[in-house]
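The opening position of the sequence shown corresponds to residue 0 in numbering that gives the first Met the number 0, with each subsequent residue numbered one higher.
For each residue, glycine too, the CB sits at the ideal point set by N, CA and C.
Just so we're clear, the structure is a prediction, and the values are computed from it rather than from any experiment.
Here is the structure we will look at.
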Amino acid sequence: MARKALLGLTAFAVFVQAIQLLKTGARAITPIAREWLHIHGPVNALGFGWLLSYFDLSGAPIAVTALTLFAGHVLDRIETFAMIAGARLGGTFVVLFVGFLYQLRKSHRKGMLTLHAGVLTLITSFCIYGTGILVGLVLLELHVLDAYTITTPPTLLDFIDATFGGVARWLAARVPALLVFVLGVGAVLLAFRLFDHALPDMTKRVGRFSRVSEAIYRPSVLFALGAGVTVLTLSRAVSLSLLVPLTAKGIIRRENVVPYVMGADVGTFVDTLFASVLVGGAAAFTVVLAELLGVLVVCVLVIALAYERFEDLVYRSSRAVLRSRRTVAAFVMVIFICPLLLLLL
Numbered sequence: 000m001a002r003k004a005l006l007g008l009t010a011f012a013v014f015v016q017a018i019q020l021l022k023t024g025a026r027a028i029t030p031i032a033r034e035w036l037h038i039h040g041p042v043n044a045l046g047f048g049w050l051l052s053y054f055d056l057s058g059a060p061i062a063v064t065a066l067t068l069f070a071g072h073v074l075d076r077i078e079t080f081a082m083i084a085g086a087r088l089g090g091t092f093v094v095l096f097v098g099f100l101y102q103l104r105k106s107h108r109k110g111m112l113t114l115h116a117g118v119l120t121l122i123t124s125f126c127i128y129g130t131g132i133l134v135g136l137v138l139l140e141l142h143v144l145d146a147y148t149i150t151t152p153p154t155l156l157d158f159i160d161a162t163f164g165g166v167a168r169w170l171a172a173r174v175p176a177l178l179v180f181v182l183g184v185g186a187v188l189l190a191f192r193l194f195d196h197a198l199p200d201m202t203k204r205v206g207r208f209s210r211v212s213e214a215i216y217r218p219s220v221l222f223a224l225g226a227g228v229t230v231l232t233l234s235r236a237v238s239l240s241l242l243v244p245l246t247a248k249g250i251i252r253r254e255n256v257v258p259y260v261m262g263a264d265v266g267t268f269v270d271t272l273f274a275s276v277l278v279g280g281a282a283a284f285t286v287v288l289a290e291l292l293g294v295l296v297v298c299v300l301v302i303a304l305a306y307e308r309f310e311d312l313v314y315r316s317s318r319a320v321l322r323s324r325r326t327v328a329a330f331v332m333v334i335f336i337c338p339l340l341l342l343l344l
């Protein structure tokens with residue numbers, strides 16, 4: 000237990016140091032973002048965040064990177080909102096990837112169950128985020144959340160700068176700023192990996208989930224479970240990846256997947272909210288809050304008013320995708336082509 004706690008503290012320190020590196024090196028990204036990658040608006044930023052999260056298999060580090068680019072005046076408020084949205088869209092791909100790996104070493108039946116869980120997860124998240132992003136964008140553009148901000152106390156910012164800023168400044172004086180930024184991205188990835196190792200291996204405790212599955216079937220309860228697991232692990236990649244072994248073992252049934260994923264889609268913004276406070280700008284917090292509330296509003300309305308119709312839509316769509324190997328290949332091709340087109344528009 001003490002080893003896990005020490006690992007968690009180390010992960011937190013690495014995370015804070017990573018943000019300092021990203022902020023220091025952000026100025027080098029401006030010409031790359033504007034010229035090489037053609038990020039000249041929210042559409043490009045959406046595709047950029049979406050595509051990057053595929054390669055990382057997680058949206059959290061990309062969302063943190065977007066916030067530091069915003070703090071460094073590389074991205075404006077709407078572009079930051081869009082890049083975070085893209086990161087969350089792409090971060091869902093991890094379930095399909097893990098499901099594919101799981102399928103390689105399991106029976107055909109269990110393999111199809113895990114592949115089905117991956118497709119269900121992607122379709123659910125695409126629908127929820129696609130609508131929630133629009134709601135959040137309206138909230139952001141109307142400035143209705145500007146009064147609801149959390150500003151990091153100056154004394155805390157001074158402490159963070161004194162403790163972690165020296166390393167970033169030392170590197171900036173000796174190596175190119177772009178390299179400092181790359182090191183910052185690597186440090187964020189390392190921090191999230193350390194957080195994962197600091198958490199208990201929940202896949203070995205599936206018995207507890209079986210009791211939950213036997214006791215509750217209401218969408219609202221599964222929604223709360225998905226959000227809670229994501230908040231506790233600080234990683235949607237972890238909470239969604241749990242769907243693969245749990246679905247294969249029959250602990251989380253197919254009809255439980257959709258509300259669980261919706262909850263995870265909301266809970267994943269907790270770490271981004273925390274990062275926005277560390278960045279030190281009230282505007283950054285507002286950007287993330289708008290996105291969180293947009294997704295939350297959509298989830299609540301769906302569960303309260305149209306859950307059965309939404310669930311039916313998701314299941315019919317997943318069955319169409321899984322009709323044959325050709326349709327699965329086409330689905331994967333489309334979800335890779337979409338962010339690339341957005342980046343190039």
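Counting along the chain, TYR147 sits inside no alpha helix (DSSP H), nor does DSSP assign it H or E at all. With fewer than 16 other beta carbons inside 10 angstroms of its own, PRO175 counts as exposed. The C-beta separation of LEU8 from ALA274 comes to about 17 Å, leaving the pair out of contact by the 8 Å criterion.
Membership of ASP311 in the alpha helix (DSSP H) is indicated by the continuous run 306 to 320. The DSSP-derived three-state label of ARG168 is helix.
In this structure, DSSP gives ILE334 a helical state, which the three-state scheme calls helix. Contact annotation: ALA116 and MET82 have beta-carbon atoms that are not nearer than 8 Å.
A residue is called buried when at least 16 other Cβ atoms come within 10 angstroms of its Cβ; LEU5 does not meet this threshold and is exposed. Spanning the alpha carbons of TYR259 and PHE335 requires a straight line of approximately 25 Å.
Approximately 5 Å separates the beta-carbon atoms of VAL42 and LEU344; this is inside 8 Å, confirming the contact. Scanning its chain for C-beta atoms nearer than 7 Å, with the 5 sequence neighbours on each side dropped, one finds around LEU138 the residues LEU144, ALA289, LEU292 and GLY293, in chain order. The C-alpha of THR271 lies about 24 Å from the C-alpha of LEU178.
When secondary structure is reduced to three states using DSSP, ASP270 falls in the helix class. Its Cα nearest to that of ARG2, the residue LEU193 stands out among LEU193, ARG173 and THR162. Straight across, the Cα-Cα distance linking LEU189 with ARG76 is about 27 Å. Cβ-Cβ distances below 6 Å link THR23 to ALA167, ALA171 and VAL179 in the same chain, with the five nearest sequence neighbours on each side left out; the list follows chain order. Ranking GLY129, ALA186, THR162 and THR120 by CA distance to the CA of ALA263 puts THR120 first. Collapsing the DSSP output to three states places LEU74 in coil. Shown here, ILE122 sits in a helix according to DSSP, grouped into three states.
Using a Cβ distance threshold of 8 Å, LEU51 and ILE61 count as a contacting pair. For VAL174, the three-state secondary structure derived from DSSP is coil. The C-beta distance from VAL320 to PHE330 rounds to 5 Å, short enough to fall under 8 Å. DSSP places THR64 within a helical segment (H, G or I) once states are collapsed to three. In the same chain as GLU78, and ignoring 5 residues on each side of it, the C-beta atoms closer than 6 Å to its own belong to PRO41 and ALA44, in chain order.
Of the other Cβ atoms in all chains shown, fewer than 16 fall within 10 Å of the Cβ of GLY129; this residue is therefore exposed.
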